[in-house]
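So the structure is just underneath, and the comments pick up after that.
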Amino acid sequence: MTVNAHAGIAYPTADAAFLAMIADWTCAGGYNSSAEVAAWFAARTDASLADEFITDRAPDAEPLDRDDIIAAFAKLRVMSDPSDAL
């Protein structure tokens, strides 16, 4: 059985787990307020957010497809709450 997880939490789909990972990074694990995140999103494109995300990942982390990351940011941008992915 495949378990789709991020940060020790199981998600129903791989896409939901991936979005959770992106949302967690965006919110800095809860350190960024919703106002900070909204301003940050407004000032950047999905592609620039993806590039920042890729740069911040550990060098030994599993490689991710940049286009998938861009698509995840685009999904998060239109959600009222990241839990909408579930």
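Just so you know, full-length UniProt numbering puts 51 at position 51 of the sequence shown, and the rest follows in order with no gaps. C-beta atoms are modelled at their ideal positions from N, C-alpha and C, and glycine is treated no differently.
#1: Between which residues of its own chain and residue 93 is the CB-CB distance below 7 angstroms, once the five residues before and five after are set aside?
#2: Please return the same chain residues whose Cβ sits closer than 8 angstroms to the Cβ of residue 77, not counting the five positions on each side in sequence.
#3: Within a Cβ cutoff of 6 angstroms, which residues of the same chain sit near residue 86, ignoring the five residues on either side of it in sequence?
#4: Do residue 24 and residue 50 count as a contact pair if the criterion is CB distance below 8 angstroms?
#5: Between residue 26 and residue 53, what straight-line distance do the alpha-carbon atoms span, to the nearest angstrom?
#6: Give the C-beta separation of residue 19 and residue 72 to the nearest angstrom, bearing in mind that I take them to be a contact with Cβ-Cβ under 8 angstroms.
Well, looking at it:
#1: This structure gives no information on residue 93, because the portion of the chain shown stretches from 1 to 86.
#2: 41, 46
#3: With a pLDDT of only 47 at residue 86, under the threshold of 50, the placement of this residue in the model should not be trusted; the figure read from the coordinates follows. Contacts found: 16.
#4: The answer is no: Cβ separation not under 8 angstroms.
#5: 8 angstroms
#6: 6 angstroms
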